[in-house]
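*Asks:*
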């Protein structure tokens, strides 16, 4: 069949509809055809394309759960059903779908439809053909459309794959200008791409139970979601992780990316690990809190400034300072700074 060959070579959802419309209408003896394809941004719902029943489907997301076509095909996915099978004895005239079609200026009396899902029950596509005639669709028309469902599912998968490859290429091009560890996530916090340098840092700093299913730290997902939901022009943000046992810190910045996924803004996440400035042998002598104080002592901060930064009182800073000098053998703060920097 010519249509099967044409569906193999599609590169976009528009291509699928263009090559399929006239042939499907002819095969099924139908008056109208509508094709719904899974959104390329991985959000829920279908992206519908139709030339003649747009008036019915424009507001479909608001009422689809009440549509007898959706309800029936959802419970029997990958199976082409006719309107008699879908309605199960209910009069067509009493359905909201029929009433809406009339209100839209369409006299849709019969339908063949299927909802195509993958093994994980994720919706891939929806097919629907409509007739305005009195006679219902013949069984052979229903079989012919059923035979086409694997080809439509495969065509949608091909378009999704091509989109993913193109989008990932654009993302990699964008992050390649930024050296070091970088990740790109969308506004929902889902990872789109990462550089090789990002993986060891994520493994080091975030246990598996602190990561989302795709490996993005949950705290980052929350941060990106909050930034994306702010009104106005998207603004950058950052997170500083507390020092680890070795006195290292992790500084993470979130910047709106120049590469936009259809329907979703993407964020470039820069990951910078900073080692403690104190020489290694001295670092091992100190407690976690002393390491925090020592970091600011090396910068030349005053006791008052350190106290404000760490939210502790000045006398506590002084006490930590005495312990640090005693453990390291530094004569005073000037001597500590002179001899304590990591070479």
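Residue numbers (the working numbering): 93 to 435. Here a beta-carbon is modelled for each residue, glycine too, at the ideal position from N, C-alpha and C. Keep in mind that this is a model prediction, so the values were computed, not measured.
Report yes if the C-beta distance between residue 385 and residue 363 is below 8 Å; otherwise report no.
*Replies:* Within the chain shown, residue 385 is the residue found at index 293, counting from 1. Within the chain shown, residue 363 is the residue found at index 271, counting from 1. Not a contact, by the Cβ cut-off of 8 Å.
*Asks:* For residue 104, collect the residues of the same chain with a Cβ closer than 7 Å to its Cβ; drop the 5 residues on either side in sequence, then sort them by chain order.
*Replies:* Against the chain shown, residue 104 aligns to sequence position 12. Within the same chain, residue 104 has close Cβ partners 251.
*Asks:* In whole angstroms, what is the alpha-carbon distance linking residue 184 and residue 219?
*Replies:* By 1-based counting over the chain shown, the position of residue 184 is 92. By 1-based counting over the chain shown, the position of residue 219 is 127. If you take the alpha carbons of residue 184 and residue 219, they lie about 19 Å apart.
*Asks:* Look up residue 389 in the DSSP assignment and say whether it is helix, strand or coil.
*Replies:* Along the chain shown, one-based indexing puts residue 389 at 297. Residue 389 falls in the helix class under three-state DSSP.
*Asks:* When you compare only the Cα positions, how much space is there between residue 246 and residue 125?
*Replies:* On the chain shown, position 154 is the one that residue 246 refers to. On the chain shown, position 33 is the one that residue 125 refers to. Taking the straight line from one Cα to the other gives about 19 Å.
*Asks:* Okay, do the stretch 308-325 and the stretch 272-291 touch, 3+ Cβ pairs below 8 Å being the bar?
*Replies:* Short answer: they touch.
*Asks:* Looking only at C-alpha atoms, which of 141, 380, 119, 379 sits nearest to residue 108?
*Replies:* The residue labelled residue 108 in the question sits at position 16 within the chain shown. That would be 141, whose Cα lies nearest to the Cα of residue 108.
*Asks:* Between residue 427 and the rest of its own chain, which residues show a CB-CB distance below 6 Å, the 5 nearest in sequence each way excluded?
*Replies:* Residue numbering aside, residue 427 sits at position 335 when the chain shown is read from its first letter. So the list is empty, once near-sequence residues are dropped.
*Asks:* Return the residue from the list 390, 409, 392 that minimises the CA-CA distance to residue 399.
*Replies:* In the chain shown, residue 399 corresponds to position 307, counting from 1. Checked all of 390, 409, 392; the closest Cα to residue 399 is 409.
*Asks:* Could you name the residues of the same chain whose beta carbon sits closer than 8 Å to that of residue 335, not counting the 5 residues immediately before and after it, in chain order?
*Replies:* Taking the first residue of the chain shown as 1, we reach residue 335 at position 243. The residues are 341, 368, 380, 383, 384, 387.
*Asks:* From which residue to which residue does the alpha helix (DSSP H) around residue 326 run?
*Replies:* On the chain shown, residue 326 is found 234 positions in, with the first residue counted as 1. Unbroken run through residue 326: none, as it is neither H nor E.
*Asks:* Who are the Cβ neighbours of residue 162 in its own chain at under 6 Å, not counting the five residues just before and after it?
*Replies:* Indexing the chain shown from 1 puts residue 162 at position 70. Contacts found: 156.
*Asks:* Sort 285, 311, 287, 305 by Cα distance to residue 297 and report the nearest one.
*Replies:* Counting from one through the chain shown, the residue named residue 297 turns up at place 205. The candidate whose alpha carbon is nearest that of residue 297 is 311.
*Asks:* CA-CA distance, residue 437 and residue 344?
*Replies:* A question about residue 437 goes unanswered here, because the residues of the chain that appear run from 93 up to 435.
*Asks:* Buried or exposed for residue 211, going by 16 or more other Cβ atoms inside 10 Å?
*Replies:* Within the chain shown, the letter at position 119 stands for residue 211. That one is exposed.
*Asks:* Alpha carbon to alpha carbon, how far is residue 38 from residue 146?
*Replies:* Given a span of 93 to 435 for the chain in the structure shown, any question on residue 38 remains unanswerable.
*Asks:* What span of residues does the alpha helix (DSSP H) with residue 415 cover, start to end?
*Replies:* Locating residue 415 in the chain shown gives position 323, where the first residue counts as 1. First-last of the alpha helix (DSSP H) with residue 415: 406-420.
*Asks:* Would residue 375 and residue 421 be called neighbours here (beta carbons separated by less than 8 Å)?
*Replies:* Translated into positions along the chain shown, residue 375 becomes position 283. Translated into positions along the chain shown, residue 421 becomes position 329. Going by C-beta atoms, residue 375 is not nearer than 8 Å to residue 421.
*Asks:* Relative to the C-alpha of residue 100, which candidate in 249, 407, 237 has its C-alpha closest?
*Replies:* What you label residue 100 is simply residue 8 of the chain shown in a count that begins at 1. For the residues 249, 407, 237, the minimum Cα distance to residue 100 belongs to 249.
*Asks:* What runs of the beta strand (DSSP E), each 3 residues or longer, lie entirely inside the stretch 343-381?
*Replies:* Segments of the beta strand (DSSP E) lying fully in the stretch 343-381: 358-366.
*Asks:* Contact between the stretch 186-203 and the stretch 219-232 is defined here as three or more beta-carbon pairs at a separation below 8 Å; is this criterion met?
*Replies:* Yes: at least three Cβ pairs fall under 8 Å.
*Asks:* Using the Cβ count rule (16 or more neighbours within 10 Å means buried), how would you classify residue 424?
*Replies:* Translated into positions along the chain shown, residue 424 becomes position 332. That one is exposed.
*Asks:* For the beta strand (DSSP E) that contains residue 179, what are its first and last residues?
*Replies:* Position 87 of the chain shown, counted from the first residue, corresponds to residue 179. Element bounds for residue 179: not the beta strand (DSSP E) but the alpha helix (DSSP H), 175-179.
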